[in-house]
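Chains as they are written, first to last, in my numbering: chain A, 290 to 706; chain B, 290 to 706.
Number of protein chains: 2
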Amino acid sequence: MPPCERMRVEIVSVGTELLLGQIVDTNAAWLSARLAEIGVSVYRRVTVGDNLERLVDALRDALRRTEGVITIGGLGPTEDDLTREAIAQVLGEPLITDEALAEHIRQLFAQRGREATPQQLRQAMRPPSARPIPNPNGTAPGLHAEKNGQFILALPGPPNEFQPMVQDYVLPLLAKHTGGQVIRSRVLRLGGIGESDAEAALGELVRSENPTLAPLAKLGEVHFRITARANSPAEAETLIAQMERAVRERLGRFIYGTDDTTLEQVVVERLRERGESLAVAESCTGGLLGKRITDVPGSSEVFLGGIIAYSNAVKHSMVGVPSEVLETVGAVSEPTARALAEGVRQRLGSYWGIGITGIAGPGGGTPDKPVGLVYIGVSSPHETTVYRQIFLGDRAAVRWRATQFALWQLYERLRNP
Amino acid sequence: MPPCERMRVEIVSVGTELLLGQIVDTNAAWLSARLAEIGVSVYRRVTVGDNLERLVDALRDALRRTEGVITIGGLGPTEDDLTREAIAQVLGEPLITDEALAEHIRQLFAQRGREATPQQLRQAMRPPSARPIPNPNGTAPGLHAEKNGQFILALPGPPNEFQPMVQDYVLPLLAKHTGGQVIRSRVLRLGGIGESDAEAALGELVRSENPTLAPLAKLGEVHFRITARANSPAEAETLIAQMERAVRERLGRFIYGTDDTTLEQVVVERLRERGESLAVAESCTGGLLGKRITDVPGSSEVFLGGIIAYSNAVKHSMVGVPSEVLETVGAVSEPTARALAEGVRQRLGSYWGIGITGIAGPGGGTPDKPVGLVYIGVSSPHETTVYRQIFLGDRAAVRWRATQFALWQLYERLRNP
């Protein structure tokens, strides 16, 4: 593969299940994003079924327009898996068995006390001029072929096999040929602010060309991805650090973490640092807040537990919400959220208490108390604050946003000394 | 458009944001599934950026191979929206302003107290021979063009505009021309059995050609999709019903629902039918079971709530697990699961009680009590049963499987009179 200033590739996704709409092609979108980050331009994407002739056509078409093609899928052991055959045809070569690959597949099966079938061993076949791409998470290796200065890279479809092979093989390979450039990216995760307010505050930064700064909208939070291209990892990291500093100068108070860090993780971490504990009383979220906190390994150090106070009887008997409150202002109200937050803190003996009560929908709304109305109480030994919010979206969105809001309010209190 | 026994179409998705991987193309998958259901075969799918020349190429390519092409996206008001221009080029026609469409757009804006800009009015342009496709949920109409017996259908990208236009215009139009081949499918959802045991029991049924029977593996359950092709909807339904009967004869006791029905839905439904209530006490699942049950709208009729008994102190004080049990056999034990199930039932006053305690990992395992070990108790006024399971997978998988197992055990009890 010769160096190439502005590399163009085409992605070919293979699988009749894609054309039947049985699965959504998230692999192609994920790969497109990774390629964009290293400055490789995707000319177009094509999806074909498990059909040898059409697959060969798609590969030939793609190679007419681009420097190379990346295929996803069709490398498994069944007769429907035709990507190997198609590549052999395009190269004008036969398929041979790679003995080292065959031995590797036999060993993988032997480790599980089974014998590799002849069908499984089809995965060890390759055109003589193609190299296997290692697949640490599956039996089917990828293939890397070159012809007349163009490349064909074939990757398997299961995301847990596909993604590491892209990260470890495809991106470094292509980055070498896009002018020695390396690409690095970092995601900044923001809570407590909407996408449009965040973008407005960032102004001209979102039009920067290197590094780029791109918003990624998520439910209840906003992420920005910084992507830098440079001639060395150190230079790329410097560019990222400069942009991160500029973003933090404007929006630092909303940034709770980077990359894969979740809001629940930083909440658990801060509680641990402060030596403080938490308990929750959930009505409309029904356990989702507890579930999110206990998604974090080690959360048992700070999370005592909670009450899923779904019925009014449980709100009263288990958390101590006064019956007169439930009978007069009702379960979805400021005093109920306050009593839930304070009650769970006292009964479970925690430092912090959170109470959530609201109308997640689709039923149960009234003109006074519409679907999406949620009261969220946050209580410490010093004070209790209750927030009234109306969240948009369906039942799942309202419930998610309510827990996100509660976690953010707690986080704001925890990060201040 | 002439009648056509086996109609083949190509789908062209338009948008640079797709090629950059900023959004996943769920529209194309959704349309593919709807076309398969009416017996229209998708020859291939192509994704192109907002580039006139490439879009024209993609349309011409598609028309060389198929009876017609359906485009998604690129119909909005901005200069990046080039689908109208591309269709005009393929037809060899200019773009003219459709005065009726322009007036409609002006009115839509006037209703919101605004004036339609010249840019907005670009959406009223069409090639003279193309008909507008009504869009009740947006300003950009679709386009329906025909040339030499082939068709081009152009639809906007926002799913809330796109989907109704497919349902109301595209599918009826194409179904008229497919000479009777229809496709119908149904998913059967199974709990309490693994994929390989289920496939073994189904034997030769999974090799049936029409209808087909295909396994879809899910975490903690197994789905089988029956897909039938026939000359009429009634005939397709008969084929599906025959296969469903054959599957039910062999695996009926494991089938809890069809299509989008979830296990938590059928549990809530059966509880409602029986007039029985439920409460849960969760340790390692931390609220996930309550969350899943309250995902079901209307679950408040039968679900009273629960205790997230994460710490030992909460297990004792809020659910009544005896201190000597926690101190001797420990929190992850048969007696603790039993006390959680019975205690939450008694304290919350429900008919059914579920208790879950285990080691979700990644830390906390010992040789005696490995990661994945979970005790699940199911209690009614008549008896309490505790199950000991070792679930495979990471923290999220162990937690999910534990709730799935608990829901399945409850469901088995609820479906018997």
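From the three backbone atoms N, C-alpha and C, an ideal C-beta is built for every residue, glycine too.
On a predicted model such as this, the values are computed, not experimentally measured, just so you know.
For L432(B), not one C-beta of chain A is nearer than 8 Å to its own C-beta.
Across the structure, A429(B) and N705(A) are spaced so that their CA atoms are roughly 49 Å apart. A check of alpha carbon separations from G587(A) across C573(B), F451(B), I482(B) and E392(B) identifies C573(B) as the nearest.
For F398(A), the enclosing alpha helix (DSSP H) has its first and last residue at E388 to Q400. In the three-state reduction of the DSSP assignment, I529(B) falls in the helix class.
For E571(A), the enclosing beta strand (DSSP E) starts and ends at L567 to E571. One alpha carbon belongs to A626(B), the other to I645(B), and they sit about 6 Å apart. For a Cβ distance threshold of 7 Å, residue set G575, G576, L577 and K580 of chain B lies close to K580(A), ordered along the chain. In this structure, DSSP gives P504(B) an extended state, which the three-state scheme calls strand.
By the neighbour-count criterion, in which 16 or more other beta carbons inside 10 Å mark a residue as buried, I515(A) falls on the buried side. With 16 or more neighbouring CB atoms inside 10 Å of its own CB, A519(B) falls in the buried class. Judged by DSSP secondary structure, F513(A) falls within the beta strand (DSSP E) whose first and last residues are E510 to A519. Relative to the Cα of E484(A), the nearest Cα in the group E510(A), A464(A) and W697(A) belongs to E510(A). Going by C-alpha positions, I441(B) is about 20 Å away from V337(A).
Taking a cut-off of 8 Å on C-beta distances, the stretch 681-688 of chain A touches the stretch 654-670 of chain A, as three or more cross pairs fall below it. Taking 8 Å as the CB threshold, W641(A) stays off the interface with chain B. Rounded to the nearest angstrom, the gap between the Cα atoms of I300(B) and A628(A) is 56 Å. CA-CA distance, R334(A) to H433(A), rounds to 19 Å. Under DSSP, G666(B) shares a beta bridge with G644(B) and V675(B). Here G541(B) is exposed: its Cβ has fewer than 16 other Cβ atoms, across all protein chains shown, within 10 Å. Among the residues of chain B, those whose CB is under 7 Å from the CB of R343(A) are R333, following chain order. The beta carbon of T386(B) is closer than 8 Å to those of L410, A413 and M414 in its chain, skipping five residues each way along the sequence. Cα atoms of E613(B) and L552(B): separation of roughly 36 Å, rounded to the nearest angstrom. Straight through space, the alpha carbons of Q452(B) and G363(B) are spaced by roughly 16 Å. Secondary structure note for A443(A): its beta strand (DSSP E) is the uninterrupted segment Q439 to L444. Around Q452(A), no beta-carbon contact reaches into chain B at under 7 Å, the shortest distance being about 13 Å.
Shown here, H466(A) sits in a helix according to DSSP, grouped into three states.
When secondary structure is reduced to three states using DSSP, A429(B) falls in the coil class, being assigned neither helix nor strand.
Where S606(A) is concerned, the enclosing alpha helix (DSSP H) starts and stops at N601 to V608.
Sequence-ordered contacts of the stretch 647-665 of chain B with chain A read P651 and G652 [C-beta pairs closer than 7 Å].
Here T305(A) has G338 and D339 as same chain residues with Cβ atoms under 7 Å from its own Cβ, once five neighbours each way along the sequence are excluded. Distances from the CA of S566(A) to each of I582(A), E392(A) and F398(A) were compared; the closest alpha carbon is that of I582(A). At the C-beta level, I359(B) and L308(B) stay beyond 8 Å of one another. Counted as a single uninterrupted DSSP element, the beta strand (DSSP E) harbouring Y545(A) occupies residues I544 to T547.
For L371(A), the three-state secondary structure derived from DSSP is coil. Secondary structure at L593(A): strand, using DSSP grouped into helix, strand and coil.
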